[in-house]
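Residue numbers (this note's numbering): 1 to 855. Every residue, glycine too, gets a C-beta built ideally from N, C-alpha and C. I have placed the structure first, in the form of structure tokens, so that the comments after it can refer back to it.
Below you can see the structure in the form of structure tokens.
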């Protein structure tokens, strides 16, 4: 600022020394000049209209090319047009014009950060400026904007796993950039710098490092970024055969899962073997578990936001993998080089095919799944992009392939989105999305109806969403970032039950489809109060209508304060509403046998108050070790559950009188839930050895007036202790070793404390015991713990093909973790018996071998 002021004084002195005439001149100026330097245009004005310009050549850059068109304009109008969008100011006195640097001029650097060699946009890349210290990151579409006073800057562009790039820029006009970052082969330097410069300042947000996911040993070799989250604090780790994710004491339906803005209602395959993505097709993935942005709503526990790769814009590439469970292929490449690209991936399991081969020995298991992802991205011009994405996934589980009545379960997800991103100017950016999502499951239970044994009893649930939304990012300056937007979704819900009589060709159906309107709007302002203190207030308004309407306001507030020596403290409050409810039919078997229902006049929306507070220490003693601790407290009202003794089988017409109840709402009750806990995480990143330890101590309690006599009880996913340790060691560029160990306190289940066998006097009755339960979830399963290890060998074939062979062991020491308990009777041979509790386990030690080729 002092330099600018001095420049102004010098310019004014020169101005009055060179020209002393102060008489006004009213000459009108007419100029039409194309693509000339400012200096040439000034010379033209001096020659043609006798004005005299004075300025300091060292301080003012007149080499910029401009086009100017003036007809009968004043000198002020001419100069205003000439110096528009520059840092040059002027003062006119008669025929004398003084030029100087405008000390109040600001300019914006904006643009996109991409991966060199592929053109993939990098999300969350860090932009840091010197000497005027300002920091920002790229948004979900790789766009950044930073506004600074006119000056010369050194700007650092960085992204974890990539080489930092420095650019020196003279900022005297708005600048649009496309920055290409190269992946680094020297991970030690990048990881250490990444740990020091990591923009993440709380444990509320987990950015999934997709390159690290490839190092983690997974069941049967299936890589899975969602399973990677089980190693993070606050996310339940150990559960045999369970495919759901539980975040900070929340239920499985309280997680919002997005793929390119489209909602996914079930992201898992049978028994939790894998989620719907393997990581190779993803560009980015992050989990938000607290301090929620006003942009997100409709769920209470977390947001898992995943973005598919756009595809390589420069050259064709492929990846093929083969494992014990499934095989996969990924294709990507340019459609028009450096302008448009595609990505396609497909995966299928072959458990059913292996089972057919082994059928004579072990019996046939007719189960398979597949996933298909696709994306096309194209640049319409420098400021507009069009992206089309799609996903299809399907699971089929049946007892035999020639099952006459079709007993089994099938479920599928289908999602698509069309997105248009637009940069209006250097400070305003928008994303408009048209989305479609279709989730359905079908449970065929065979002959349990009336009139004939040849019946098929079916429970179906489907949710079809059609949505439109627009989100804006407005960044007026580096200390202020405003987000706002609106959305509309039409939900079509279809929870139905049917009994088909195959003999008489009749059908009894219960339930009809219904629709729900879901509307929201939000605004959020991230403001840097000082260099160390940032606040993010926001509010979201939501409206949901079925046979009744709900309108709710959802205030949010986050704050982060930076302490000396790389310490950050943070706090947040979020009020959330959830209008969609998941009603379980079966549990514990990894089968998505659930119904989705919307809030109505009988089922109120779930409402959650979520408070978090924590501290994060980055780079302990200038090392690559970081440490974090964070606590959370949740109060959730109108949690939905099945009434004691209720079952979705009551919706089936099991006799000629029809179903016992006609509406799902009649089976439900609502209560409240309290969840609280503390999370710890220590992480070390290095060239050869990397390690992470996460630990959570927590409690989740529920209370319903019609369950457990109105007394509080532990939730079925209550977990006192959760511990996860993950270690990777790279011996050289070819060999690496990884190990993960998880431990979790056993989950609570409900078991009877006594029984009796009634004697009714009616032949054929009285053989089945009646159980008495003293309380809900009164017994705790044994603790869950498991060690997984893997060994990888990577080498290059013919300079262009990368081969990766992995040998892994799941459940290395063969821990028999409990899936469920059952009651059995042991006869002593004399007609006497005793009741015993038997444990059923699922996964023993499982070795696997997988092979990946990248072209």
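Exercise. Secondary structure at residue 771, three-state DSSP: helix, strand or coil?
Worked result: Strand.
Exercise. On the three-state DSSP scale, how would you describe residue 44?
Worked result: helix
Exercise. Within the chosen definition, does the segment 311-318 reach the segment 117-127 through at least 3 CB pairs nearer than 8 Å?
Worked result: yes
Exercise. For residue 519, which option in 528, 525, 553, 777 has the closest C-alpha, if you only look at C-alpha atoms?
Worked result: The residue among 528, 525, 553, 777 with its C-alpha nearest the C-alpha of residue 519 is 553.
Exercise. Quick one: Cα of residue 102 to Cα of residue 236, how far?
Worked result: 57 Å
For this session: Scan the segment 86-155 and note each continuous beta strand (DSSP E) run of 3 residues or more that stays entirely inside, going in chain order.
Result: 88-93, 96-101, 106-115, 126-130, 134-137, 143-149
Exercise. Taking the C-alpha atoms as reference points, what is the distance between residue 161 and residue 141?
Worked result: 19 Å
Exercise. Relative to the C-alpha of residue 90, which residue among 299, 733, 42 is closest?
Worked result: Per the C-alpha coordinates, the member of 299, 733, 42 positioned closest to residue 90 is 42.
For this session: Give every residue of the same chain whose Cβ lies closer than 6 Å to the Cβ of residue 421, excluding the five residues on either side of it in the sequence, and list them in chain order.
Result: Hits under 6 Å: 141, 385, 431.
Exercise. For residue 731, is the classification buried or exposed, using 16 other Cβ atoms within 10 angstroms of its Cβ as the cut-off for buried?
Worked result: exposed
For this session: Quick one: grab the DSSP three-state call for residue 191.
Result: Note on residue 191: pLDDT 41, under 50, position unreliable in the model; no value is reported.
Exercise. So what does DSSP say about residue 201, is it helix, strand or coil?
Worked result: coil
Exercise. When we look at the beta-carbon of residue 645 and count the other beta-carbons within 10 Å, is it buried (16 or more) or exposed?
Worked result: exposed
Problem set entry | Helix, strand or coil at residue 83 [DSSP, three-state] | coil
Exercise. Quick one: Cα of residue 563 to Cα of residue 531, how far?
Worked result: 11 Å
Problem set entry | Under 7 Å between C-beta atoms of residue 614 and residue 635 | no
Exercise. In whole angstroms, what is the alpha-carbon distance linking residue 773 and residue 702?
Worked result: Residue 773 and residue 702 have their C-alpha atoms spaced approximately 18 Å apart.
Exercise. Is the Cβ-Cβ distance between residue 68 and residue 79 less than 7 Å?
Worked result: no
For this session: Check whether the Cβ atoms of residue 697 and residue 678 lie closer than 7 Å to each other.
Result: yes
Problem set entry | Cβ shell of residue 536 (< 6 Å), same chain only, five flanking positions each side left out | The residues are 526, 558.
Exercise. Using the C-alpha atoms, what's the distance from residue 343 back to residue 195?
Worked result: Residue placement at residue 195 is flagged as unreliable, the pLDDT there being 35, under the threshold of 50; the coordinate-derived value follows with that caveat. Whole-angstrom Cα-Cα distance: 31 Å.
Exercise. Are the Cβ atoms of residue 742 and residue 786 separated by less than 7 Å?
Worked result: yes
Exercise. In this structure, does DSSP put residue 709 in helix, strand or coil?
Worked result: helix
Exercise. For the 8 Å Cβ check, are there 3 or more pairs between the segment 484-499 and the segment 463-471?
Worked result: yes
For this session: Using the Cα positions of residue 852 and residue 641, report the straight-line distance between them to the nearest angstrom.
Result: 44 Å
For this session: Have a look at the DSSP bridge pairing and note the partners of residue 728.
Result: 690, 738
Exercise. Should residue 718 go down as buried or exposed, given a rule of 16 or more other Cβ atoms within 10 Å for buried?
Worked result: buried
For this session: Within its chain, find whatever has a CB closer than 6 Å to the CB of residue 286; leave out the 5 residues flanking it on each side and keep chain order.
Result: For residue 286, where only same-chain residues beyond five positions count, the Cβ hits under 6 Å are 207, 305.
For this session: Would you please state the rounded distance, in angstroms, between the beta carbons of residue 777 and residue 841? I believe it to be under 8 Å.
Result: Going by Cβ atoms, the distance from residue 777 to residue 841 rounds to 20 Å, so no, they are not a contact pair.
For this session: Could you pull out every residue in the same chain whose Cβ sits closer than 8 Å to the Cβ of residue 137, ignoring the five residues on either side in sequence?
Result: If the five residues before and after residue 137 are omitted, its C-beta is found closer than 8 Å to the C-beta atoms of 124, 125, 126, 127, 144, 199, all from its own chain and listed in chain order.
Exercise. Cβ of residue 234 less than 7 Å from any chain C Cβ?
Worked result: No chain C appears in the structure shown, which is made up of a single protein chain.
Exercise. If you drop the 5 nearest sequence neighbours on each side, which residues of the same chain put their C-beta closer than 6 Å to that of residue 662?
Worked result: Closer than 6 Å at the Cβ level, and outside the excluded window around residue 662, lies no residue.
For this session: Determine the direct distance from the alpha carbon of residue 429 to that of residue 163, and round the result to whole angstroms.
Result: 27 Å
Problem set entry | N- and C-terminal bounds of the beta strand (DSSP E) containing residue 334 | Per DSSP, residue 334 belongs to the beta strand (DSSP E) from 326-336.
Exercise. Cα-Cα, which of 106, 744, 775 is closest to residue 753?
Worked result: 775
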